[in-house]
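Student:
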Amino acid sequence: MFHRYLAHSIAAALLLFAGLVSAAEADKGVFWKATRENKTVYLLGSIHLATEDFYPLRAQIEEAYSNSDTIAVEADITAAESDMLLQQKIMMASVYQGDRSLRDDLPPELYQQLQGWIRKHNMPEALFIRQRPAIAMASMGMIEMHAHGLKPEWGIDRHFLKKAKQDGKAVLELEGVLQQVELLNSLENPALLLQRTLEQLEDISSLLPQITRAWKTGDIDALNRLIVLQGLEENPDYKPLFDALFFQRNEKMTAWIATNAPNYPSLFVILGAGHLVGEKGVIRLLEQAGYKLEQL
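Quick note: the sequence shown, position 79, residue 82 per the numbering used here, numbers continuous.
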């Protein structure tokens, strides 16, 4: 079961940067329509863990899915769960080999903070010591999300992945679980990622309601401030981290959409909400690429 736990944990990790929300049918959500040369791309700002009362989603979102030929997600977690070879690769990339441990990659004071979090949650330190920094961060995110009632089985990505496979629709990946693990492991300063995570988790009880309100009302400016700008303003040293986790990925996702969307009359794309918003978000980048954007 570790592979399934890990896949969900990676989603939780990216969720910490993409936004945390709960919703109902009347909520507006972060939902856009992009058109160019008679081709349509629907863009849904997603969360990867949610609650049961998140559903049913707004009818307009479900209708857009039904009218689309193909869906595209950051990573098809359901496919990863059924691919044994991929599971092995993910596990090998997630834990240290040999005698090295998490303690070797973190400054002593940061490791002490991590130990404090571990004690607070009555978790065994051995659960984390063999995990790479990004994976330890993902595990922490999963634990905190569960503590706040958010579960991966109610995530928007999984909701539409299940529907697509039941309906026989093609599913495309912009990245993939293994690629996301490798991205997190390739960060030049992994300690920054864990430091940022600990800061977010300390504020999660106050952060959740703010992001929830912003998502419900479709307030993309507020989402951008809460998810991206606030962290950069509080600590400019996080810029390389945000470049890697957000801005560089946003450019690649936009290029993927611009390249692949012309092959489909209608494409339904589900991305973490934090990737859509802001001056360097996918929405603005698609506008620059010649798409007409409309918030639905």
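Cβ coordinates follow ideal geometry from the N, Cα and C atoms, glycine included.
Model, not experiment: these values are computed from the prediction.
Taking the beta strand (DSSP E) that Q298 belongs to, which residues open and close that run?
Tutor: Element bounds for Q298: 295-298.
Student: I believe P136 touches D108 by the beta-carbon criterion, under 8 Å. Please report the beta-carbon distance rounded to the nearest angstrom.
Tutor: So it is a contact: roughly 6 Å between Cβ atoms.
Student: Between the alpha carbons of G281 and G101, how many angstroms are there, rounded?
Tutor: Each residue's alpha carbon lies about 42 Å from the other.
Student: Run through DSSP, which three-state label would V76 get?
Tutor: It is a strand residue.
Student: Going by DSSP in three states, E176 sits in which element: helix, strand or coil?
Tutor: Of the three classes helix, strand and coil, the one that applies to E176 here is strand, per DSSP.
Student: Cβ of A141 within 7 Å of Cβ of F131?
Tutor: Not closer than 7 Å, so no.
Student: By the DSSP assignment, the beta strand (DSSP E) with F163 in it spans what residues?
Tutor: Looking at the DSSP string, F163 is not in any beta strand (DSSP E); the run it does join, the alpha helix (DSSP H), is 159-170.
Student: Between the region 70-80 and the region 279-298, can you find at least three pairs of beta-carbon atoms closer than 8 Å?
Tutor: Contact fails: fewer than three Cβ-Cβ distances are below 8 Å.
Student: According to DSSP, what are the bridge partners of G48?
Tutor: Answer is L274, bridged to G48.
Student: Can you tell which of Q134, Q203, P111, M148 has its C-alpha closest to the C-alpha of R103?
Tutor: Per the Cα distances, Q134.
Student: State the CB to CB distance for the pair L177 and W259, rounded to an integer number of angstroms; the pair is presumed to be in contact (CB under 8 Å).
Tutor: Confirmed, Cβ separation roughly 5 Å.
Student: Using only the alpha-carbon positions, how far apart do Q183 and R252 sit?
Tutor: Approximately 10 Å between the Cα atoms of the pair.
Student: Please tell me whether E147 and L204 are closer than 7 Å, where the distance is taken between their beta carbons.
Tutor: A contact, by the Cβ cut-off of 7 Å.
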